[in-house]
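Asks: Position 70 of the sequence shown, counted from 1, bears residue number 69 in numbering that gives the first Met the number 0, the numbering being contiguous throughout.
Backbone N, C-alpha and C fix where the C-beta goes; we use that ideal spot for every residue, glycine too.
Quick one: this structure, given as structure tokens, is what I'll be asking you about.
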Amino acid sequence: MRDLYRDRHQKRVSQLACAMAREMSLPEEQIEGIRVAGIIHDIGKISVPMEILSKPGRITESEFDIVKNHAQAGYDILKSIKFPWPIAQIVLQHHERMDGSGYPQGLSGEDILLEARILGLADIVEAMASHRPYRPALGIDKALEEISINKGKLYDAEVVNACLRVFKDK
């Protein structure tokens, strides 16, 4: 990764996603795929100019369009690499939402891989709880409130419940 925040972010997302997957009693082999995808889920951000990624204020709509391309760029980087898991598809789908409002494909519900639903939720929780160039950390309580409000709408209800249990048990 090109900076320390994004390197740490990917590791934390991977750790949280694996904890959620374990909470859901997924097989260890599937959890290992989630771990690998989590560590590299933002690899496509290599195609996004650093000025946009580290911009201290709000990004413009055209800049956001560039950022949104990172999921497709990550897929393009990974699609020809042989993994025992669908890593490229997980990376491609990690910004999809249950109601179809996500990107890049606008997938909804069960059309989104379970691994991508888990990784996407872990990504949101970690991002909200952490400091970003454009805002201070919102904290874990705010992140858990956000996912609870949108459980079953934007985020898979079973995955949200697993995430809430991970933090309740701490």
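So what's K81 in DSSP terms, helix, strand or just coil?
Replies: Translated into the one-based positions of the sequence shown, residue 81 becomes position 82. Here K81 sits in coil by DSSP.
Asks: Taking 8 Å as the threshold (C-beta atoms), are L106 and E95 in contact?
Replies: If you number the sequence shown from 1, residue 95 lands on position 96. If you number the sequence shown from 1, residue 106 lands on position 107. Closer than 8 Å, so yes.
Asks: DSSP three-state label for Y154, please.
Replies: Here residue 154 refers to the residue found at position 155 of the sequence shown. The answer is strand: DSSP assigns Y154 an E or B state.
Asks: Decide if the region 22 to 34 is in contact with the region 161 to 168; the criterion is three or more beta carbon pairs, one per stretch, under 8 Å apart.
Replies: Contact between the region 22 to 34 and the region 161 to 168 is present, because at least three Cβ pairs lie under 8 Å.
Asks: Specify whether the region 113 to 122 and the region 89 to 104 touch according to this definition: at least 3 beta carbon pairs, one from each stretch, less than 8 Å apart.
Replies: Touching, yes.
Asks: So, at 6 Å on beta carbons, what are the nonlocal neighbours of I111 in its own chain, with the 5 sequence-adjacent residues on each side left out?
Replies: Counting from one through the sequence shown, the residue named residue 111 turns up at place 112. Around I111: Q92 and E95.
Asks: Can you tell me whether K15 is helix, strand or coil according to DSSP?
Replies: Here residue 15 refers to the residue found at position 16 when the sequence shown is read from its first residue. According to the sequence shown, residue 15 is Leu rather than Lys. Looking at L15 - three-state DSSP - the assignment turns out to be helix.
Asks: Let me make sure I understand the geometry here. Which of I65, E28, G101 and Q9 has the alpha-carbon closest to that of H40?
Replies: For the purposes of this step, residue 40 is taken as residue 41 along the sequence shown, with counting starting at 1. It is Q9 whose Cα lies nearest to the Cα of H40.
Asks: Could you check what DSSP says for V159 in three-state terms: helix, strand or coil?
Replies: Here residue 159 is taken as the residue at index 160 of the sequence shown, counted from 1. V159 falls in the helix class under three-state DSSP.
Asks: Is it true that the CB of I86 sits closer than 8 Å to the CB of G32?
Replies: Indexing the sequence shown from 1 puts residue 32 at position 33. Indexing the sequence shown from 1 puts residue 86 at position 87. The answer is yes: Cβ separation under 8 Å.
Asks: Would you call the CB atoms of K44 and P103 closer than 8 Å?
Replies: Against the sequence shown, residue 44 aligns to sequence position 45. Against the sequence shown, residue 103 aligns to sequence position 104. No, the Cβ-Cβ distance between K44 and P103 is not below 8 Å.
Asks: Give the DSSP-derived three-state secondary structure of H93 in the structure shown.
Replies: Residue mapping note: residue 93 aligns to position 94 of the sequence shown, counting from 1. Reduced to three states, the DSSP call for H93 is coil.
Asks: Among residues of its own chain, excluding the 5 on either side of I146, which ones have a beta-carbon nearer than 6 Å to its beta-carbon?
Replies: Here residue 146 corresponds to residue number 147 of the sequence shown, with the count starting at 1. Excluding sequence neighbours, I146 sits near Y154 and V159.
Asks: Quick one: is G101 buried, meaning 16 or more other Cβ sit within 10 Å of its Cβ, or exposed?
Replies: The count along the sequence shown starts at 1 and reaches residue 101 at position 102. Buried.
Asks: Could you check what DSSP says for H8 in three-state terms: helix, strand or coil?
Replies: Along the sequence shown, one-based indexing puts residue 8 at 9. Residue state, collapsed to three classes: helix.
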